[in-house]
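A.B. asks: As given, the protein sequences belong to chains S and E, one line each in that order. Per the working numbering, the first sequence runs over residues 157 to 459. Per the working numbering, the second sequence runs over residues 2 to 259. For every residue, glycine included, the Cβ atom is placed at its ideal position computed from N, Cα and C. Structure incoming, see below.
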Amino acid sequence: MADLSVKIGDLHLKNPVMTASGTFGYGLEFADFVNLEDIGGIIVKGTTLNPREGNPYPRMAETAQGMLNCVGLQNKGVDYFCEHIYPQIKDIRTNMIVNVSGSSREDYAECAARINELDKIPAIELNISCPNVKQGGMAFGVTTDGAASVVKAVREVYKKTLIVKLSPNVTDVAAIARSVEAEGADAVSLINTLMGMAIDIEKRRPVLSIATGGLSGPAVKPVALRMVWQVAKAVKIPVVGLGGIMNAQDAIEFLLAGASAIEIGTANFIDPAVTVKVAQGINDYLERHGCKSVSEIVGALEV
Amino acid sequence: MKKHILDLTVASAEHLREGYVLLKLTDVNPLPEMLPGQFAELKVEGSEVTFLRRPISINFVDKEKNEVWFLIHEVGDGTRKLGQLKQGDKLNVVLPLGNGFTLPVHVDEKVLLVGGGVGTAPLLYMGKVMSEMGCRPTFLLGGRTAGDLMQLEQFRQYGDVYLTTEDGSEGEKGYVTQHSILTATHFDRISTCGPKPMMMAVARYAKANEIDCEVSLENMMACGVGACLCCVENTNEGHVCVCKEGPVFNIKRLLWQI
């Protein structure tokens, strides 16, 4: 068994596999399929200061090698999370990480401050890249000033590991990454979904209720991989790679490109037990290549 | 109920009619408990355009033969690939998912099970379970034409069967909500599965006649376990996942304009 452990800020992951927010519920939904403690980290559904109903149905469109969604951050708000969900997940012996979103800097900071009080939540992933909400979300994540301002506000009140989730819907993702690094982010994760669209030609209408949505799945993997590679070269903080990872080979590609850890998202819908299979597959690869630890392959790409 | 990921084996694949295949799946181990109205997520192999699993309702569970049945309506490439499976093939399934129909509390409850098209599928297993409880449900099954009505011999084993077709080729001519059984008999509850316009008409009838009524929804879904929040239905408690809190909903919870 190779050493799969990874450090991201103050976070110790037993392996580099995490779950992407919005694809794994609160972990409990998958407890019948995998031993949750075998996953390096579980990033739970996006949480906002106030409850959100999300966008109307239909919210999903299947695409070639992927899917579009426009869920729109449906969640019951941070108070409900703290009172009703946290007690159910706090004793799961892995890193339970909360994805935090908002529509203003003040919302982000207040939500993060509330999560900061929870002993068993060692990190947050700051979502400045949701493409499916009118205010906030991706609006902050597409400019260096916007991204920096949210991270600055949150960093003042959030004392634990701060991961910032970046949008691919930008011209220069490395510049955004540098701007959040400068404001004290402990890590960046990328990519969130790519904005896309699907059309019903019989009705001559968009398939999704708000016309556009975020594309995920294997269709986006080459784009995600390229961006992770660019960002890993641009920043000193760890990079968490995600976007279309379906198996261990995909995950290893991201590690080689410079990601210290990876997140699995849409693949959970196809195989609810994929997370532990990917962790095992990374171990098998390391053993086959005579590596003692996963750190030996992070950024080991030869160009 | 514990959910399972299983590699099942196709015991048989029978073409009931053009575009409809009855898959009977089995396993070397005993299949898990399943409730009528629950569904499974079937993995599609070998399709270039299908990415997600296909949610398909449980048609029947044969405990003696250790089989679970799925009635596949071939509407796209994914379901066509499922329809091409042959005896001995493997099929990866996640089951059981969702809540299921309300089972009667008393044996003398008068339950009407209304199905349309492929939506009749889950009612067969409901009939069997009710029959095992000592109940005798009434089935009211509708289709466009006689060929749409499938598995009738099996339905008749578990209850009284009434039929409608839009062209009059079988049973009474018209829609299920026009059938004479509705005026001839009082029912305590209606459970229905089928095309949404049909279920809305049934719900409208039930509401007008103050009959308890539940419908089985089939909103487009991805994960099947309440994680992705794609398949939501708007209810009097806000958006809820059809895959987890449904697929069966009492019409009192829904915001349908009926």
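Going along the chain, which unbroken runs of the beta strand (DSSP E) with 3 or more residues stay wholly within the region 261–292 of chain S?
C.D. replies: Listed in chain order, they are 279–283.
A.B. asks: For residue 352 of chain S and residue 396 of chain S, what's the separation of their Cα atoms in angstroms?
C.D. replies: One C-alpha to the other measures close to 23 Å.
A.B. asks: Can you name the residues of chain S whose CB is closer than 7 Å to the CB of residue 223 of chain E?
C.D. replies: Here the neighbours are 216, 223, 425.
A.B. asks: If contacts are defined as beta-carbon pairs under 8 Å, then residue 117 of chain E and residue 195 of chain E qualify, I think. What distance do you get, rounded to the angstrom?
C.D. replies: Contact flag correct, Cβ pair sits at about 3 Å.
A.B. asks: Here's a check: name, in chain order, each residue in its chain whose Cβ is nearer than 6 Å to the Cβ of residue 17 of chain E, leaving out the five neighbours to either side.
C.D. replies: Result list for residue 17 of chain E: 23, 151, in chain order.
A.B. asks: Listed from N- to C-terminal order along the chain, which residues in the region 89–108 of chain E have their beta-carbon within a distance smaller than 9 Å of any beta-carbon of chain S?
C.D. replies: The region 89–108 of chain E vs chain S, Cβ under 9 Å: 93, 95.
A.B. asks: Take residue 235 of chain E and list the residues in its own chain whose beta-carbon comes closer than 7 Å to its own, dropping the five residues that flank it on each side.
C.D. replies: Here the set comprises 256.
A.B. asks: Where does residue 223 of chain S fall in DSSP's three states?
C.D. replies: Residue 223 of chain S falls in the strand class under three-state DSSP.
A.B. asks: Name the residue from S:170, S:222, S:191, S:213 whose alpha carbon lies nearest to the alpha carbon of residue 365 of chain S.
C.D. replies: Comparing Cα positions, the closest option is S:213.
A.B. asks: List the residues of chain S whose Cβ lies closer than 7 Å to the Cβ of residue 220 of chain E, in chain order.
C.D. replies: Correct list: 213.
A.B. asks: Leaving out the 5 sequence neighbours to the left and right, which residues in its chain are closer than 8 Å to residue 208 of chain E when beta-carbon positions are compared?
C.D. replies: The residues are 214, 252, 259.
A.B. asks: Among E:97, E:12, E:114, which residue has its Cα nearest to the Cα of residue 67 of chain E?
C.D. replies: Selected option, being the one with the closest Cα: E:12.
A.B. asks: Would you identify the three-state DSSP class for residue 417 of chain S, choosing helix, strand or coil?
C.D. replies: In this structure, residue 417 of chain S counts as strand in the three-state DSSP scheme.
A.B. asks: For the alpha helix (DSSP H) that contains residue 201 of chain S, what are its first and last residues?
C.D. replies: Not the alpha helix (DSSP H): residue 201 of chain S falls in the beta strand (DSSP E), residues 197–203.
A.B. asks: Identify whether residue 166 of chain E lies in helix, strand or coil by the three-state DSSP scheme.
C.D. replies: The answer is strand: DSSP assigns residue 166 of chain E an E or B state.
A.B. asks: Verify the CB distance criterion: does residue 52 of chain E have a CB-CB separation below 7 Å to chain S?
C.D. replies: It does: the Cβ of residue 52 of chain E has a partner Cβ on chain S nearer than 7 Å.
A.B. asks: If we cut at 7 Å on Cβ distances, does residue 419 of chain S have a partner in chain E?
C.D. replies: Closer than 7 Å: no.
A.B. asks: Name, please, each residue of chain E whose Cβ falls closer than 7 Å to the Cβ of residue 103 of chain S.
C.D. replies: Lying outside 157 to 459, the shown extent of chain S, residue 103 of chain S is not represented and no answer is given.
A.B. asks: Should residue 434 of chain S be listed as close to the ligand FMN, given that the test is whether its C-beta is under 6 Å from any heavy atom?
C.D. replies: The ligand FMN is absent from the structure shown, which contains no ligand whatsoever.
A.B. asks: Quick one: does residue 242 of chain E have its CB under 7 Å from some CB of chain S?
C.D. replies: No, because no Cβ of chain S sits closer than 7 Å to the Cβ of residue 242 of chain E.
A.B. asks: Are at least three pairs of beta-carbons, each pair with one atom in the region 252–270 of chain S and one in the region 312–321 of chain S, less than 8 Å apart?
C.D. replies: Output reads yes: the region 312–321 of chain S touches the region 252–270 of chain S.
A.B. asks: Assign residue 235 of chain S to buried or exposed, taking buried as 16 or more other Cβ atoms, counted over all protein chains shown, within 10 Å of its Cβ.
C.D. replies: The residue in question, residue 235 of chain S, is exposed, as its Cβ has fewer than 16 Cβ neighbours within 10 Å.
A.B. asks: Within 10 angstroms of the Cβ of residue 87 of chain E, are there 16 or more other Cβ atoms? Answer buried if so, exposed if not.
C.D. replies: Residue 87 of chain E comes out exposed.
A.B. asks: Entirely within the region 115–179 of chain E and at least 4 residues each: give me those alpha helix (DSSP H) ranges in chain order.
C.D. replies: Listed in chain order, they are 122–133, 153–159.
A.B. asks: Please confirm if residue 247 of chain S has its CB atom under 7 Å from at least one CB of chain E.
C.D. replies: No, its Cβ sits nowhere closer than 7 Å to a Cβ of chain E.
A.B. asks: Determine the chain C residues that contact residue 436 of chain S at a beta-carbon separation under 9 Å, and present them in chain order.
C.D. replies: The chain labelled as chain C is not found among the protein chains of the depicted structure, namely S and E.
A.B. asks: For residue 208 of chain S, which of helix, strand or coil comes out of DSSP?
C.D. replies: Correct three-state label for residue 208 of chain S: strand.
A.B. asks: Please classify residue 4 of chain E as buried or exposed, where buried requires at least 16 neighbouring CB atoms within 10 angstroms.
C.D. replies: Flag for residue 4 of chain E reads buried.
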